[in-house]
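According to full-length UniProt numbering, the stretch in the sequence shown is residues 1 to 201, in order.
The C-beta atom is built at its ideal place from N, Cα and C for all residues, glycine as well.
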Amino acid sequence: MPQPVTFRPRGGLILAVIAIVICALGLIGLILSEGTEGLFGWFWPIAAFAWGAWLLYINPCVTVTEGFVEIRNILRTHRVPWGDVDDVESRYALTVMTRDGRRIRAWAAPAPSARQALATRRDEVSRTPGEGDTRRPSDAEGTESGDATAIVRRHLETYRTTGGPGLPGGTTSTWNLWLVAVTVAVVAAALATLAGAAAHG
Numbered sequence: 001m002p003q004p005v006t007f008r009p010r011g012g013l014i015l016a017v018i019a020i021v022i023c024a025l026g027l028i029g030l031i032l033s034e035g036t037e038g039l040f041g042w043f044w045p046i047a048a049f050a051w052g053a054w055l056l057y058i059n060p061c062v063t064v065t066e067g068f069v070e071i072r073n074i075l076r077t078h079r080v081p082w083g084d085v086d087d088v089e090s091r092y093a094l095t096v097m098t099r100d101g102r103r104i105r106a107w108a109a110p111a112p113s114a115r116q117a118l119a120t121r122r123d124e125v126s127r128t129p130g131e132g133d134t135r136r137p138s139d140a141e142g143t144e145s146g147d148a149t150a151i152v153r154r155h156l157e158t159y160r161t162t163g164g165p166g167l168p169g170g171t172t173s174t175w176n177l178w179l180v181a182v183t184v185a186v187v188a189a190a191l192a193t194l195a196g197a198a199a200h201g
């Protein structure tokens, strides 16, 4: 059985890692310069910044397996069986259309900016899966939407070529409640810390 393939945007991943490393170094610097008092005074605002970087750029992803494509966004996670996939496009982001008309966009695979789209070469688009008349700069090789869409299209094509059942239905969408709860708690703690610092300042 083929191993699942997970896509995350490279640029966002690098930015998130840099942000988290800076936050970690900042906490270490506070301990060395001000001891535990400085750490407790700024821990939650710094932790909130690091959490936000992880939440926005590392947690969202697109995972493809032999049986389904899973799109994990910030608030919700969608699992679409290949038999329920009607079409795949990349106009605004990687978007999976189900047979009942749902359109599920991936936060992890946004389309390129207008400036990037204008700079896209024809050969960067021509190498990607899809019909020539329908391919656009957001399908281009090297873009987040293009790379993710190519992965999904190739797996969908393999599924259909090997005779997978084209049965509609089975798509599930779940709220990422634990992420919401942690985010609310971390932000509340950071705001309380900043308010306390302002009151004592």
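- With respect to the 8 Å criterion, D84 and T171 are classified as neighbours on the basis of their beta carbons.
- In this structure, T174 is the residue among L194, T174, R10 with its C-alpha nearest to the C-alpha of T77.
- For S33, there is no enclosing beta strand (DSSP E); the enclosing alpha helix (DSSP H) covers residues 10-57.
- By the beta-carbon neighbour count (other beta carbons within 10 angstroms, threshold 16), R8 is buried.
- Apart from sequence neighbours up to five positions away, the residues of its chain that approach A93 with a beta-carbon distance below 7 Å are R105, A106, A109, P110, A111, S145, ordered along the chain.
- Rounded to whole angstroms, the gap between the alpha carbons of P168 and L179 is 30 Å.
- A buried status is given to T149, since no fewer than 16 other beta-carbon atoms sit within 10 Å of its beta-carbon.
- For T172, the uninterrupted beta strand (DSSP E) run begins and ends at 172-175, by DSSP.
- A19 places its beta carbon 8 Å or farther from that of A47.
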